[in-house]
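**Student:**
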Amino acid sequence: MLYRRAGIRHTRYQDERQLWPLPFDRYLVTAIAVILVAAPFVVSPLYLSSYLLPWIIWSTAALGLNFLMGTAGQIHLGYGAVMAIGAYTSVHLVLSGIPFEIAMVAGGLMSSVIGIAFGAAALRVKGLYLAMATLAMQYIVDFVIMHFPAISGGSLASIAVPRVSFLGIPVVGDIRTYFVALFVCVIVTLFMLNVKRSSFGRALAAVREKDYAAEVIGVSTFKYKLLAFWTSSFIGGVVGAVLAVCYLRSVSPDQFHLELSIQLVAMVIVGGLGSVLGSFFGAALILFAPIILNNAIGTFATNFGIDISSDLRAHVPLMLYGALIIGFLIWEPLGLAKIYNNFRNYLLVWPFRHAQR
Amino acid sequence: MDWILITELAINGVFVGLMYALVALGIVLIYKTSGLANLAQGALAMMGGYLTWAVASYVGASMWIAIPVAIVLMFLVGAAIEKLALRKMIGQPVIMVIMLTLGLEIMLRGLLPGIFGSAVKRLDIGIPNAPIFFGEFLINRAILIGGTISLVMIVLSLIFFNSRLGVMMRAVSDDQTASWSVGIKVERAIAIAWGLSSAMATVAGVLWGATQGIDWSLSLLLIKALAIAILGGLDSIPGVLIAGVIVGVAESLASGVLDPLVGGGTRDVVASVIILLTLLVKPHGLFGREHIERV
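For the record, the sequence lines run as chains A and B. Just so we're aligned: 377 in the numbering used here is position 325 of the first sequence, and the numbers increase by one with no gaps anywhere. Just so we're aligned: 215 in the numbering used here is position 230 of the second sequence, and the numbers increase by one with no gaps anywhere.
1) Given that residue 168/A touches chain B, what residues does it touch there, using C-beta distances under 9 Å?
2) Quick one: which residues of the region 257 to 271 of chain B get their C-beta closer than 7 Å to a C-beta of chain A? List them in chain order.
3) Can you tell me the Cα-Cα spacing of residue 116/A and residue 209/A, whole angstroms?
4) For residue 57/B, does the count of other Cβ atoms within 10 angstroms reach 16, so buried, or fall short, so exposed?
5) Are the beta-carbon atoms of residue 199/B and residue 108/B separated by less than 9 Å?
6) So what's residue 122/B in DSSP terms, helix, strand or just coil?
7) Residues of chain A with CB under 7 Å from residue 77/B, in chain order?
8) Considering Cα atoms alone, identify which of 362/A, 391/A, 258/A is closest to residue 103/B.
9) Candidates 131/A, 330/A, 276/A: which alpha carbon is nearest residue 392/A's?
10) Go to residue 15/B, then tell me how far its alpha helix (DSSP H) extends in each direction, as first and last residue.
11) From residue 193/A to residue 208/B, what distance separates their C-alpha atoms?
12) Does the count of Cβ pairs from the region 322 to 337 of chain A and the region 386 to 401 of chain A closer than 8 Å reach three?
13) On the premise that residue 105/A lies in contact with residue 230/A, defined as a C-beta separation below 8 Å, what is that separation, rounded to the nearest angstrom?
14) Hey, out of 128/A, 131/A, 157/A, whose CA is closest to residue 142/A's CA?
15) If you reduce the DSSP assignment to three classes, tell me which class residue 25/B lands in.
16) Using a Cβ-Cβ distance cut-off of 9 Å, determine whether residue 198/A contacts chain B.
17) Just to confirm the assignment, what range does the alpha helix (DSSP H) spanning residue 342/A have?
18) Measuring straight from C-alpha to C-alpha, what distance separates residue 101/B and residue 10/B?
19) Taking contact to mean 3 or more Cβ pairs, one atom from each stretch, closer than 8 Å, check whether the region 13 to 33 of chain B and the region 74 to 85 of chain B are in contact.
20) Do residue 217/B and residue 206/B have their CB atoms nearer than 9 Å?
21) Taking residue 216/A as the reference, which of 179/A, 307/A, 154/A, 309/A has the closest Cα?
22) For the alpha helix (DSSP H) that residue 371/A lies in, which residues bound it at each end?
23) Mind listing the chain A neighbours of residue 95/B? Cutoff is C-beta to C-beta under 8 Å, in chain order.
24) Select from the region 184 to 195 of chain A all residues with a C-beta closer than 9 Å to any C-beta belonging to chain B, and list them in chain order.
25) What residue range is occupied by the uninterrupted alpha helix (DSSP H) comprising residue 301/A?
26) If contacts are defined as beta-carbon pairs under 8 Å, then residue 288/A and residue 163/A qualify, I think. What distance do you get, rounded to the angstrom?
27) In the DSSP assignment, find the alpha helix (DSSP H) that holds residue 200/A and state where it starts and stops.
28) Terminal residues of the continuous alpha helix (DSSP H) containing residue 273/A?
29) Given residue 1/B, which residues of its chain have a CB within under 6 Å of its CB, disregarding the five upstream and five downstream residues?
30) So which residues of chain A does residue 253/B contact, with C-beta pairs closer than 9 Å?
31) Name the DSSP bridge partner or partners of residue 212/A?
32) For the structure I just gave you, are there three or more beta carbon pairs, one from the region 257 to 275 of chain B and one from the region 31 to 43 of chain B, closer than 8 Å?
33) Report yes if the C-beta of residue 228/B is less than 8 Å from at least one heavy atom of the ligand MG; otherwise report no.
34) In chain order, what residues of the same chain have a beta carbon less than 7 Å from the beta carbon of residue 174/B, not counting five sequence neighbours either side?
35) If you draw a straight line from the alpha carbon of residue 38/B to that of residue 196/B, how long is it in whole angstroms?
36) For a minimum of 4 consecutive residues, which ranges assigned as the alpha helix (DSSP H) are wholly contained in the region 184 to 227 of chain B?
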């Protein structure tokens, strides 16, 4: 049903290698693209700036982290710090009069240079130790940003982001900032979709599956791990810049603490390691589930006259992130993307279940 | 340089470091038996502190009853975590299991302040506030007692690893399949390791709760415990002892000497720097076995 494979015959190899070989998938992607482009003109500005915009930005960040965790199989617990480096670098460059386009890329480069420095220290060892090193990176970057007034303007200060223009269009108002974020998101998504089909992506897959084996067949493990770190940190830095300019509009150190890193890791795991679609699902669930649950608890409490302390409600997001991470790891380690995939596979051959591969 | 101040900082640092080492001991214990790093150790310490406070204030028990009750409860909690969550992850990549313990840490950090309220709880275990003077040096009494108790616990766990159960656990850490074949119950050994490390986390939680009060910030002990565990070598108990003293002194000196120069906050970053330096110079730590895979 819907996703019909019957009657679709590929007569050329490139037909079969395209991103979405099934017509229905193509229709779906087109529909989503149309919805995303039309959304700012339909949805009220409140929803646009408080739901859609953060979803787009956090999804892009989750994609960058997913590249490292899913595609390359390396763990990173300090992605918030990477984004902070990108955000602060680009904001300072914009303040000194450099155009936003260049500042954004420079922020990404700065992130990847610093990220690779920490990565190189940790990539000699792996797994557990990499987790520790990236966790240490988070704390050290936090400390440096907070305690060097030249970067943060003091530990409690926040730096307002000036008006910028992106590709000649001034970034003002909800609709334009939304399109800037969407533009970056689309580019990162296209990169993620296509990287798996390139030699780079295949080398990363080899390193992820078994590093000895990769080394034996001539894939330099260290080089590709570093490249994965570099690319992922670059995306992180660019997203940090977008986050600062389009969403936060004034940067302060506490916006990039460990909480952000944990949120992103939760998005990647809940969404599905290595899945592009999963990053979007994960970002949506992690961003909105606490809000929805909090509202539900609120209505429940008022309707049934039960007094629920504000402490409890304030801690709902943390509980939920933890519970979601644990639950998905135990029951569905490949995340929401796998659930969607199961559903799609079911429909693909419906009603002939025995034909399922 | 004021040598009296520095010596005093160093002495206090030794005892604070011993108190950190108690948290690290739990991480080492779990790593020794199951080869996993438990990123929830800080949250378990926090949970132990909260449970002690809850038993004492809701039931009205005295501290001498509340602490053992909390330790027993936490032993069960630790064993339950192993049985319900960790055992299902056997055979999964290490990265997944690390994420699971991180998820546990996040959940506990939300759950406990959510249930018991996020205001700082005072835990009075009967240590007077007045500092002790040794000649010219001033030492915080709570830290002195806490450090001594930690030292005793660490020595006890050294002795424990020579007992029958301890030998069993060492066998499990060497080779799970081999210990299975000689009739050791591997699952039970790992569950006991989790229980024991949760119990130790409780002691650490109570000691830290007595010095700084109980709130979510107790879970920040994790990063210091990790620094100690990595510096000492993840599978070495004497390493915990020595690395604990090193980290404690380094932190105390950094906060005393460097803080005035950079404007505070160095205390929290020392542990991270130590982690990075250890990984750069000697990734298996001071006393750890050199079996880290390098690629």
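Just so it is clear, CB atoms sit at the ideal spot from N, CA and C, and this is done for glycine as well.
**Tutor:** Let's see:
1) Result: empty, since nearest Cβ-Cβ is about 14 Å, beyond 9 Å.
2) 257, 258, 260, 261, 264, 265, 268
3) 28 Å
4) exposed
5) yes
6) strand
7) 385
8) 362/A
9) 330/A
10) -12 to 19
11) 15 Å
12) yes
13) Between residue 105/A and residue 230/A the Cβ distance is about 5 Å, and since that is below 8 Å, they are a contact.
14) 157/A
15) coil
16) Yes, because at least one Cβ of chain B sits closer than 9 Å to the Cβ of residue 198/A.
17) 328 to 356
18) Rounded to whole angstroms, residue 101/B and residue 10/B show a C-alpha spacing of 27 Å.
19) yes
20) Contact: no.
21) 154/A
22) 368 to 383
23) 367, 368, 369, 370, 371, 372, 373, 374
24) 184, 185, 187, 188, 189, 190, 191, 192, 194, 195
25) Where residue 301/A is concerned, there is no enclosing alpha helix (DSSP H), given that its DSSP letter is neither H nor E.
26) 5 Å
27) Element bounds for residue 200/A: n/a, residue is neither H nor E.
28) 273 to 294
29) 128, 233
30) Within chain A, the residues near residue 253/B are 191, 194, 195.
31) 302/A
32) no
33) Of the ligands one can find in the structure shown there are none, so the ligand MG has no counterpart to examine.
34) 18, 153, 154, 157
35) 14 Å
36) 206 to 217
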